[in-house]
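Residue numbering for the sequence shown is 1 to 145, as defined by the working numbering.
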Amino acid sequence: MLEILKSDEGYSSTPYLDTKGNWTIGYGSTILYTRGNQRVTASTKEVSKSEAIKNLFCGISSAIDKARGFIKNFEELTAVRQCVLVMMAYQLGFNLYSFKNTKFFIESGAHRQAAIEMLDSKWAQKDSPSRAKRMSKMYLQNKFV
Numbered sequence: 001m002l003e004i005l006k007s008d009e010g011y012s013s014t015p016y017l018d019t020k021g022n023w024t025i026g027y028g029s030t031i032l033y034t035r036g037n038q039r040v041t042a043s044t045k046e047v048s049k050s051e052a053i054k055n056l057f058c059g060i061s062s063a064i065d066k067a068r069g070f071i072k073n074f075e076e077l078t079a080v081r082q083c084v085l086v087m088m089a090y091q092l093g094f095n096l097y098s099f100k101n102t103k104f105f106i107e108s109g110a111h112r113q114a115a116i117e118m119l120d121s122k123w124a125q126k127d128s129p130s131r132a133k134r135m136s137k138m139y140l141q142n143k144f145v
């Protein structure tokens, strides 16, 4: 999961505006946990790769909490499906919670339908189509791709 997120997010030592207009740094971070939960702005000082990786781990921890809070039976899912939800939470933050149909199908054990529902979203159709398709495929096939 770590390597997938690093690849998907890319690394930048300096702040930049992401596709949604959020100031971002490191590996797609809008918050620097390593600096007391500082919000990233245009004037945020540079981060080293080492600090960016530490921050990525903190972001993953936060994403795990979001995914656990979203899906009642999260602990019963396979490791791959848990990772997909965590990676979605890392990218989407609390916007993951808007995937109500996906949530319903996951909690019902209808994994094929859950994977299809992931694609019925702005995330899949506009924001990150190739990433969303890959996440949906991983979830459906229950293996890392």
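Beta carbons: idealized from backbone N, C-alpha and C, even for Gly.
Quantities reported herein were computed from a predicted structural model and do not represent experimental measurements.
Asked	Found
Hey, could you find the ends of the alpha helix (DSSP H) E102 is sitting in?	The displayed chain sequence assigns Thr, not Glu, to residue 102. Per DSSP, T102 belongs to the alpha helix (DSSP H) from 100-108.
According to DSSP, is G93 helix, strand or coil?	helix
Grab me the residues of K72's own chain with a C-beta within less than 7 Å of its C-beta, minus the 5 sequence neighbours each way, in chain order.	E107
What residues in its chain sit with their C-beta under 7 Å from that of Y11, if we drop five residues either side in the sequence?	G26, Y27, K49, A52
Grab me the residues of Y139's own chain with a C-beta within less than 6 Å of its C-beta, minus the 5 sequence neighbours each way, in chain order.	R81, V84, A115
If we count the other Cβ atoms within 10 Å of its Cβ and call it buried at 16 or more, is E9 buried or exposed?	buried
Go through its chain and collect everything with a Cβ distance to T14's Cβ below 6 Å, but skip five positions before and after it.	E46
Report all residues from its chain with a CB closer than 7 Å to the CB of F105; omit the five preceding and five following residues, and keep chain order.	Q113, A114, E117
Have a look at M87 and L56 and give me their C-alpha separation to the nearest angstrom.	11 Å
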